[in-house]
Every structure is written in C-alpha cells, then in structure tokens.
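Each position in the sequence shown, counted from 1, maps to that position plus 24 in the working numbering. All residues carry an ideal CB built from backbone N, CA and C; glycine is no exception.
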Amino acid sequence: MPGKKKSKRKKSLRVEPPPNILPYDPHSIFDKVGIDTITIYISENRLILDPEKYKPYKVWDKEFNRTERLRKTVEGVHVLRREYGNGKCVFYFTFSISAMKNTLNVFPYYNPNYRLIIKRLMEILSAVGIRLHQSEDEDIFKIARIDLFKNIRISDSFHKYGSVLSYLKAPYLKFRQFQSAPYFINSENKIYFYGKNEEIYQKQAIKMPDQILRCEMRLIGEDKIYDTLGIVRFVDLSVVRLSDFFDERISKLTKQIGEFSYKIRSKNFESELKRYYSTVAKARNPKK
C-alpha cells in the first residue's frame, strides 16, 4: 500500500506593516488639535481615468456646471467630479484623515506624513480607475476644505452643557440640531461644538468610556484657507502650526462673545463653563 504523500505546508507570507503615516498617542485623545475631514482637489488633466473602472453614478446638470459622483464611497473617500462652464474639469476627494488610520474617528493625529497620505489615497482610488500621471506627484493637490478639531473631556453628557453653551450663541452662535446632536455654529469662523459620544454611538454603536465635547473649526475655499493658513497645497500643512492657529481663533471667538466682566481663572474648560454659567445666571436673576 503506497504511503501517503506528505502535504507541503505553504509558507506564510510575511505581511509588511503599513507605513506609520499617522503617528498618535492613544492616551492623548484630549486637548490636542487634529485634522478631521479634508477635501483636496486636482485638475482632471493630471489624472488617468480607466473607463472600465471609473463609473460615475449620479450626475447633476446645471446651466454652467456638470457634477458627477460615484455610487459609494471608496474606503471612506468621497469622489466628486465637476465640469465648469469654462471647460475646466476638477476632481474633489473628501475623506477623514483620522479614519484613514483608525475607523473610530476620535484620535487627533498630529504631524502626519502628508505625502504618504496622498500615496495611500491614490492606492485606494486605483480600485475605481483613478490614477496620477507618472509625471505628477503629491505637490499638485490643493485644499478646498479642512476641519480642525479638539476633544475636551467633560464629566456629563453634552446635553447637560447645552444650557451653558447656549449663552455663547447670542448673537454670534446659532443653534442647530443634527441627528439629535446639538450644534452651535458660528457662520463667520465655522466653529461649533457637539457631543462626540452621541455621534459615535449613532454611527457605529460604540459607547465611549469618557464623555467628549468636540470643538471643530471648518475652513472652506482656497482663498479662505490661504488667508488664514497661508498655504493652498496639501503637503504644505506640514509647515503650519495648526494647534497655535486653532487655539488663537478659539480665544478670539470667546473674547467676542464675552460681553460681561469675567476673568478666566484656570485652563479647565469644564469648570470655566460652569462658573461662567453661574455668573451670567446670577447677573440676570440677582435674587437666585
């Protein structure tokens, strides 16, 4: 009886770890400034489109513009193509920098490698037939929108702080509601607050161990971004001190809002909000 042939065990391939394009400290969720959503754009003539893979789904035709997008996001990347009345065609890619490393969009990633982010983005887009010309590199991508954020630890849910933050809205902040999470939006600076816990639970059914008050700032438009950050290219974000810029803008907003005599005593955001609220409440109702 012939002996059984020994099956050769397949050698396991060594999987290379992904490049560390988004370094972060998992213990530093709070009090650091990070980039959340960003939109970058590039002229279509700098791209190569594979008609077998690139299949736009929805198209809007207007008098001078034609816009099309893909049916679904590509690994979290929204793809939009816009054809302008002057014949110029531009591709816009919107994605979350933090979600590119961690699907839980909470961690602030500081000092990322922006060139490697572009390379990773193009790897993702190659699946839908979008590639860069060989003669092009990461320098040609420009910023159309950028959202900066800071997480602040609070002891209670965001809804309990609504009455406190509501004092900050008149006449500078307007109240908005999105999927049961309240937003306080300043149309000029695009600064708003919301409960990150509620958003994460609604989208991913995950309960966070800490209560997170999210403060975000949105800049839209190449001119606006250049006027405020001094750059237009995506890779040039590496030379911008985003933390200093963010904190300066927040302090300017709070100075505009403070129409009463109030001195900050500490850097604890939660205690200052409570003290601020009690000060205003007593001023409006002295008998209390």
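I'd like to confirm the pairing. Which residues does DSSP put opposite Gln158 in its beta bridges?
For Gln158, which the question treats as bridged, DSSP gives no partner whatsoever.
Taking all protein chains shown into account, do 16 or more other C-beta atoms lie within 10 angstroms of the C-beta of Gly254, making it buried, or fewer, making it exposed?
exposed
Just to confirm the assignment, what range does the alpha helix (DSSP H) spanning Tyr216 have?
Tyr216 -> not in any alpha helix (DSSP H); beta strand (DSSP E) instead, spanning Ile215 to Gly219.
Host alpha helix (DSSP H) of Lys248 (start-end)
Glu246 to Leu253
How close, in whole Å, do the beta carbons of Asp55 and Lys166 come, if the pair is a contact with beta carbons under 8 Å?
The pair is not a contact, with the Cβ atoms about 30 Å apart (cut-off 8 Å).
How is the beta strand (DSSP E) around Arg93 delimited, first residue to last?
Arg90 to Arg93
Rounded to a whole number of angstroms, what is the C-alpha to C-alpha distance between Glu343 and Glu99?
Any question about residue 343 goes unanswered here, given that the chain covers just 25 to 312.
So, do the stretch 215-226 and the stretch 90-97 have three or more beta carbon pairs nearer to each other than 8 Å?
no
Checking the sheet assignment: what are the DSSP bridge partners for Val103?
Phe117
Excluding the 5 residues flanking Ile164 on each side, which residues of the same chain have their C-beta closer than 7 Å to its C-beta?
Ile66 and Arg70
Can you give the Cα-Cα distance for Val114 and Arg139, rounded to whole angstroms?
20 Å
Taking only three categories from DSSP, how would you classify Tyr133?
coil
Would you report the Cα separation of Trp84 and Thr118, rounded to the nearest angstrom?
18 Å
Through-space distance from Ile215 to Pro136, alpha-carbon basis:
23 Å
Do Ala168 and Thr63 have their C-beta atoms closer together than 8 Å?
yes
Return the CA-CA distance between Arg90 and Asn110, expressed in angstroms with no decimal places.
11 Å
Given Ile230 as reference, the closest of Leu104, Glu87, Ile53 and Val130 once Cα atoms are compared
Val130
First and last residue of the uninterrupted alpha helix (DSSP H) at Arg144:
Tyr138 to Leu149
Please determine, among Ile121, Arg106 and Thr252, the residue with the shortest C-alpha to C-alpha distance to Ile244.
Thr252
Do you know how far the Cα of Val103 is from the Cα of Lys86?
19 Å
Name, in chain order, the residues that DSSP records as bridge partners for Ser67.
Val114
Can the beta-carbon of Ile236 be found closer than 8 Å to that of Arg177?
yes
Kindly give me the distance between the Cβ atoms of Asp60 and Asp171, rounded to whole angstroms, as I take these residues to be in contact under 8 Å.
4 Å
Work out the CA separation of Arg257 and Tyr250 for me, nearest whole Å.
9 Å
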